[in-house]
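First to last, the sequence lines map onto chains A and B. Anchor point for the first sequence: position 81 equals 81 in our numbering, and the numbering is continuous, going up by one each time. Anchor point for the second sequence: position 31 equals 1031 in our numbering, and the numbering is continuous, going up by one each time. A quick write-up on the structure given underneath.
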Amino acid sequence: LAKTTQPISMDSYEGQEVNITCSHNNIATNDYITWYQQFPSQGPRFIIQGYKTKVTNEVASLFIPADRKSSTLSLPRVSLSDTAVYYCLVGRGSARQLTFGSGTQLTVLP
Amino acid sequence: NAGVTQTPKFQVLKTGQSMTLQCAQDMNHEYMSWYRQDPGMGLRLIHYSVGAGITDQGEVPNGYNVSRSTTEDFPLRLLSAAPSQTSVYFCASSGVPNYGYTFGSGTRLTVV
């Protein structure tokens, strides 16, 4: 299973762009990279998934370099409501291969 | 469209009691999973299913049983509750493996 490493916590201010980087040095060829967001007392919510290069949706962008050993979740112009824990997952196919680490606690300050 | 529904939301059990946590989804998803989340930690996979009649163990299966008799329902049974099973339990489902799991709102279980 690919192990992921993320910063434990990050602080930002409203209106700034936030980039959260995840390291996954032993990512396998068929592995996808998925990010989830979790608010207190709620289940995680799917944000974005990618395989290589760049993926963008209405919420975030995901940048994946050519070697795929890391990925960066980019949140444009964060607001207080973006304060949450963000999880980076690497895996494919079976749910058994999706491992939630401790995540990154993002705190957005006014 | 309710998504993933978990019941109950809160439960207190005495050590040794058994109970079933219910999970139902109305999205016709084949893939369903159960996770537990302890304070300050990420989610750990307990059991998962890739379709009706097919289940498998995750990272922390001991003390839990599952069955999947229908596509919609995936109940989690605690056989003999222990204080170490005090946690928040999340059920999730997906229509495509490894993509966009939808999570329920969780069941907060306390074993005393």
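Cβ atoms here follow ideal geometry from the backbone N, Cα and C, with glycine treated the same way.
Minimum Cβ-Cβ distance from residue i to chain B less than 8 Å
| i | result |
| --- | --- |
| A:Ser-102 | yes |
| A:Tyr-51 | no |
| A:Phe-63 | no |
Neighbouring residues, chain A, relative to residue i (Cβ below 9 Å)
| i | result |
| --- | --- |
| B:Ser-1105 | Ser-41, Gln-42 and Gly-43 |
Within chain B, the residues that residue i reaches when beta carbons sit closer than 7 Å
| i | result |
| --- | --- |
| A:Tyr-86 | Result: empty, since nearest Cβ-Cβ is about 11 Å, beyond 7 Å. |
Exposed unless 16 or more other CB atoms sit within 10 angstroms - verdict on residue i
| i | result |
| --- | --- |
| A:Pro-44 | buried |
| A:Leu-75 | buried |
| A:Ser-79 | exposed |
| A:Leu-98 | buried |
| A:Leu-106 | buried |
| A:Thr-34 | buried |
| A:Asp-67 | exposed |
is_contact[residue i, chain A] using C-beta, thresh 8 Å
| i | result |
| --- | --- |
| B:Tyr-1089 | no |
| B:Gly-1051 | no |
| B:Gly-1063 | no |
| B:Gly-1095 | no |
| B:Gly-1016 | no |
Beta carbon of residue i nearer than 8 Å to that of residue j
| i | j | result |
| --- | --- | --- |
| B:Asp-1026 | B:Ala-1002 | yes |
| B:Tyr-1035 | B:Leu-1043 | yes |
| B:Pro-1075 | B:Thr-1020 | yes |
| A:Arg-92 | A:Asn-30 | yes |
| B:Pro-1039 | B:Thr-1107 | no |
| A:Tyr-13 | A:Leu-109 | yes |
| A:Val-85 | A:Gly-103 | yes |
| A:Gln-49 | B:Tyr-1099 | yes |
| B:Thr-1086 | B:Thr-1110 | yes |
Near the ligand COA: residue i beta-carbon under 7 Å from a heavy atom
| i | result |
| --- | --- |
| B:Gln-1022 | In the structure shown, the ligand COA is absent, as is every other ligand, since no ligand is present at all. |
Check: Listed from N- to C-terminal order along the chain, which residues in the region 1023-1047 of chain B have their beta-carbon within a distance smaller than 7 Å of any beta-carbon of chain A?
Finding: Those would be Tyr-1031, Ser-1033, Met-1041, Gly-1042, Leu-1043 and Leu-1045, in chain order.
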